[in-house]
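**Q** Note that UniProt numbering has the sequence shown beginning at 92, numbered continuously upward.
Cβ coordinates follow ideal geometry from the N, Cα and C atoms, glycine included.
Note that the coordinates shown come from a computational prediction; the quantities given were computed from them, not determined experimentally.
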Amino acid sequence: GKGKTDGARGLRFEPVAPNTADQVTVPAGYAHNVVIRWGEPILRGAPAFDAEKQTAKAQAAQFGYNNDFLSLLPLRGEHGRQVLVANHEYTDEVLMFRGYDSENPTREQVEIAWAAHGLSVVVVQEEHRSGKLTPVTRHHLNRRLHTTSEFELTGPAAGGDLLKTSSDPEGRTVLGTLNNCAGGTTPWGTTLHGEENFNQYFAYGSSPTDKRYGIGTGASERKWERFDKRFDLRQEPNEAHRQGWVVELDPYDPDSTPRKRTALGRFKHEAAQPRLTADGRPVVYMGDDERFDYFYKFVSSKRMKKGGSRAAREHNLTLLDEGTLYVAKLTGDSPAAEIDGTGKLPNDGEFDGSGVWIPLATGDVSHVPGMTAEEVYVFTRLAGDKVGATKMDRPEDVEPSPRSGRVYVALTNNSNRGKGTNPGADEANPRNLNKHGQILELAEHWDDPSSDGFAWRLFLVAGDPNDPATYFAGYPKEKVSPISCPDNVAFDPHGNLWISTDGNQLGSHDGLFGVATHGERRGELKQFLTVPKGAETCGPIIQDRRVLVAVQHPGELDGASVENPMSQWPDGPGKLVRPSVVSVWRTDGRDIGV
Ligand code: FEO
Ligand code: CA
Ligand code: CA
Ligand code: CA
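1. Using only the alpha-carbon positions, how far apart do P426 and I683 sit?
2. Between which residues of its own chain and G222 is the CB-CB distance below 7 Å, once the five residues before and five after are set aside?
3. Around ligand 3, what residues have a beta-carbon under 7 Å from a heavy atom of it, in chain order?
4. Run through the DSSP bridge pairs and tell me what D211 is partnered with.
5. Any heavy atom of ligand 1 closer than 8 Å to the beta-carbon of T116?
6. Counting Cβ pairs, one atom from each stretch, are 3 or more of them under 8 Å apart for the region 358-370 and the region 383-397?
7. Could you have a look at D412 and say whether DSSP puts it in helix, strand or coil?
8. How would you write the range of the alpha helix (DSSP H) that E361 sits in, first residue to last?
9. Can you check DSSP and say which residues form a bridge with T116?
10. In this structure, how does DSSP classify N288 when only helix, strand and coil are distinguished?
11. Could you name the residues of the same chain whose beta carbon sits closer than 7 Å to that of T96, not counting the 5 residues immediately before and after it, in chain order?
12. Which full runs of the beta strand (DSSP E) of 3+ residues lie inside the region 380-428, going along the chain?
13. Assign T471 to one of three DSSP states: helix, strand, or coil.
14. Helix, strand or coil for W589? Go by DSSP, reduced to three states.
15. In chain order, what residues of the same chain have a beta carbon less than 6 Å from the beta carbon of Y566, not counting five sequence neighbours either side?
16. Determine the closest residue to K359 out of I306, R372 and R263, with distance taken between C-alpha atoms.
17. Can you confirm whether the region 109-129 touches the region 614-631 when touching is taken to mean that 3 or more C-beta pairs between the two stretches lie within less than 8 Å?
18. What's the gap between the Cα of Q150 and the Cα of L667?
19. Quick check on the DSSP output: the alpha helix (DSSP H) that includes E184 runs from which residue to which?
20. Do you know offhand how far R497's Cα is from V201's?
21. With the cut-off set at 9 Å, would you say G423 and I430 are in Cβ contact?
22. Roughly how many angstroms separate the alpha carbons of T300 and E180, rounded to a whole number?
23. Nearest-angstrom Cα distance between G92 and L161?
24. Compute the Euclidean distance between the alpha carbons of D113 and W315, then round it to the nearest angstrom.
25. Can you name the start and end residues of the alpha helix (DSSP H) that Q634 belongs to?
26. Express the C-alpha separation of Q291 and E312 in angstroms, rounding to a whole number.
27. Nearest CA to the CA of H458: which residue from D319, L416 and K482?
28. Tell me whether N579 is buried or exposed, calling it buried when 16 or more other Cβ atoms sit within 10 Å of its Cβ.
29. Quick check on the DSSP output: what are the complete alpha helix (DSSP H) runs of length 4 or more inside the region 290-372, in order along the chain?
30. So if I measure from each beta-carbon to every heavy atom of ligand 2 and keep distances below 7 Å, which residues remain?
Written out as structure tokens, the structure is:
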């Protein structure tokens with residue numbers, strides 16, 4: 092009815108109720124299609140997907156596994172087509188291979204997994220007057236990048252001793268990008284890809300820095316070190332230093348070598364989203380997704396050149412190599428005694444305060460006592476430790492509002508906050524044993540993204556709205572959807588923030604939500620879709636006519652396997668579960684949520 096479909100412009104749909112259906116559920120009056128699934132052919136010569144006869148060669152020409160970040164870029168001169176770029180974060184071998192023996196993977200299985208990681212570029216075609224999208228196979232821009240593809244290290248740490256290996260004595264050429272989680276799209280038409288939990292691929296770490304990055308001292312879970320010595324840190328101790336970067340890809344040049352931008356630091360990069368200063372310099376906001384890790388920004392010293400000329404494009408591909416890397420320190424404005432760890436609002440009615448950006452390094456100059464610039468870039472977490480950056484509740488995706496410039500940071504959860512000797516609640520991370528997470532809103536001083544200080548407040552404190560610890564920007568809680576574990580964030584054309592979740596702790600499936608960020612409906616959160624069993628919702632893109640999501644790791648539940656599937660999505664009984672990209676649109680052909 093009308094009462095349910097009113098709301099801020101862009102959010103006028105009937106909210107989807109929390110549920111545990113093994114499907115993608117969308118609002119009444121909306122339809123969806125699976126755009127592309129794991130294993131669908133995208134390159135010339137790729138075979139159709141055959142779960143029982145999969146090969147590494149086939150996989151290297153097919154869409155990868157566990158789609159996460161998505162970007163859609165315009166494609167001039169080809170009517171109704173756009174360029175889709177997708178991250179393939181990791182592989183779920185037990186859901187990919189019948190009879191998988193995790194102690195003894197075969198070389199073919201390992202090489203399939205190598206080929207199923209990385210990035211895909213695939214042109215997609217719109218259906219006339221609907222939001223449906225289908226892949227254009229064999230388009231000349233289509234591309235796969237995976238664990239044996241070549242990447243170039245650029246910026247101030249490239250070529251340094253910490254990045255040299257026996258196969259790359261120059262320290263400038265890396266094979267593979269691993270665990271690409273979220274990312275970003277630049278105003279100059281490239282995409283950014285965060286290399287997140289790269290630690291899991293390396294075996295036999297031993298240094299204190301390996302430990303700070305979570306690299307284990309024993310064999311790795313996937314046993315890749317048995318098949319390529321670069322994953323064995325006893326043999327190649329610097330190889331792990333070559334993952335954990337932000338990758339920049341030019342999807343319009345299928346022959347280009349993607350770059351790992353060392354100026355943006357090395358940590359478990361969730362995402363990287365730029366905003367331009369008034370004079371055209373990009374500022375990239377970035378989270379390190381780990382409990383008690385930090386939030387960063389990079390401020391370029393170079394201005395973006397406008398226009399599509401070759402010279403402008405070449406110049407813009409150097410913007411992320413020169414500038415200053417900063418880490419955030421946040422201070423609350425309420426007395427510590429009013430932050431009791433339960434999430435109860437302090438007496439001033441808000442979790443809010445001020446912050447400073449602490450410079451870590453500019454080019455070859457370190458600002459951190461006792462660390463060289465090269466060490467700051469390669470061991471950025473240790474630099475954050477030294478300067479006393481604020482330990483956050485897992486900074487995931489980040490998005491500056493294209494309208495207000497305010498930056499929204501998803502802090503997904505932190506079950507260890509206040510546990511044992513761990514830091515307890517502070518005003519920005521106000522709940523101990525934080526199960527549901529929060530979203531922080533950051534306003535740079537003078538609205539200048541290169542500023543060295545900012546104001547912040549919590550925009551949402553997630554959970555069941557009946558839980559007194561939750562907060563929805565002050566909006567009446569009886570009118571909002573429950574939400575748990577915000578992960579990816581994106582803006583729609585109306586200035587509403589859309590939030591996808593990973594790991595819902597309220598007993599229903601993950602999903603996608605929209606919330607107004609300005610006006611009298613600020614804080615009115617509405618659920619737009621839910622995903623199948625075991626899945627997380629990733630990579631949302633909200634265009635006028637469609638919403639795109641990546642359904643990641645469907646069926647990933649304890650005890651699940653090819654033989655014992657716990658989800659039948661998307662292809663029904665008897666088929667493997669397949670991570671896939673989904674497009675949603677309105678059946679009456681009108682814009683989303685208006
Ligand atoms: Fe890959 Fe932080 O989620
Ligand atoms: Ca306060
Ligand atoms: Ca994520
Ligand atoms: Ca996640």
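**A** A quick look at the data gives this:
1. Within the sequence shown, the letter at position 335 stands for residue 426. Within the sequence shown, the letter at position 592 stands for residue 683. C-alpha separation (whole angstroms): 43 Å.
2. Counting from one through the sequence shown, the residue named residue 222 turns up at place 131. Excluding sequence neighbours, G222 sits near R636, R637, S674, V675 and W676.
3. D159, C272, A273, E361, D380, E487, D488, D578, N579, D593 and C629
4. In the sequence shown, the residue the question calls residue 211 occupies position 120. Going by the sequence as given, residue 211 is Ser instead of Asp. BP columns for S211 point to A177 and R235.
5. Against the sequence shown, residue 116 aligns to sequence position 25. No, the Cβ of T116 stays beyond 8 Å of every heavy atom of ligand 1.
6. yes
7. Here residue 412 corresponds to residue number 321 of the sequence shown, with the count starting at 1. Correct three-state label for D412: helix.
8. Here residue 361 refers to the residue found at position 270 of the sequence shown. Boundaries around E361 are those of the beta strand (DSSP E), H360 to L367, since no alpha helix (DSSP H) includes it.
9. Against the sequence shown, residue 116 aligns to sequence position 25. Partner(s): T621.
10. Numbered from its first residue, the sequence shown carries residue 288 at position 197. Three-state result, N288: coil.
11. Residue 96 sits at position 5 when you count from the first residue of the sequence shown. Result list for T96: R103, F104 and E105, in chain order.
12. Correct list: 382-384, 386-391 and 414-423.
13. For the purposes of this step, residue 471 is identified with residue 380 of the sequence shown, where counting begins at 1. Looking at T471 - three-state DSSP - the assignment turns out to be helix.
14. Walking along the sequence shown from the start, residue 589 turns up at place 498. W589: strand per DSSP, three-state reduction.
15. Taking the sequence shown and counting its residues from 1, one reaches residue 566 at position 475. Here the set comprises G614 and E615.
16. For this step, residue 359 is matched to residue 268 along the sequence shown. Check the Cα spacing between K359 and each of I306, R372 and R263: the tightest is with I306.
17. Contact between the region 614-631 and the region 109-129 is present: three or more C-beta pairs spanning the two stretches fall below 8 Å.
18. As a position in the sequence shown, residue 150 is number 59, starting the count at 1. As a position in the sequence shown, residue 667 is number 576, starting the count at 1. Near 15 Å, if we compare the C-alpha coordinates of L667 and Q150.
19. Residue 184 sits at position 93 when you count from the first residue of the sequence shown. Start and end: E184 to M187.
20. Taking the first residue of the sequence shown as position 1, residue 497 is located at position 406. Taking the first residue of the sequence shown as position 1, residue 201 is located at position 110. Going from the Cα of R497 to the Cα of V201 covers about 43 Å.
21. Within the sequence shown, the letter at position 332 stands for residue 423. Within the sequence shown, the letter at position 339 stands for residue 430. Their beta carbons are under 9 Å apart, which means G423 touches I430 by this criterion.
22. Here residue 300 is taken as the residue at index 209 of the sequence shown, counted from 1. Here residue 180 is taken as the residue at index 89 of the sequence shown, counted from 1. Pairing T300 with E180, the inter-Cα distance amounts to about 23 Å.
23. Indexing the sequence shown from 1 puts residue 92 at position 1. Indexing the sequence shown from 1 puts residue 161 at position 70. In this prediction, G92 scores a pLDDT of 42, lower than 50, which makes its location untrustworthy; the coordinate-derived value is nonetheless stated afterwards. In a straight line, the C-alpha of G92 is about 33 Å away from that of L161.
24. Counted from its first residue, the sequence shown places residue 113 at position 22. Counted from its first residue, the sequence shown places residue 315 at position 224. Using only the alpha carbons, I get a separation of about 33 Å.
25. Position 543 of the sequence shown holds residue 634. No alpha helix (DSSP H) contains Q634, which DSSP labels as neither H nor E.
26. To locate residue 312, count along the sequence shown from 1; it is residue 221. To locate residue 291, count along the sequence shown from 1; it is residue 200. One C-alpha to the other measures close to 7 Å.
27. Along the sequence shown, one-based indexing puts residue 458 at 367. Minimum Cα distance to H458 is reached at L416.
28. Along the sequence shown, read from residue 1 onward, the residue named residue 579 stands at position 488. Taking every protein chain shown into account, the CB of N579 has 16 or more other CB atoms within 10 angstroms, so this residue is buried.
29. 299-303
30. G423, D424, S425, P437, D439, E441, F442, D443, G444 and E518
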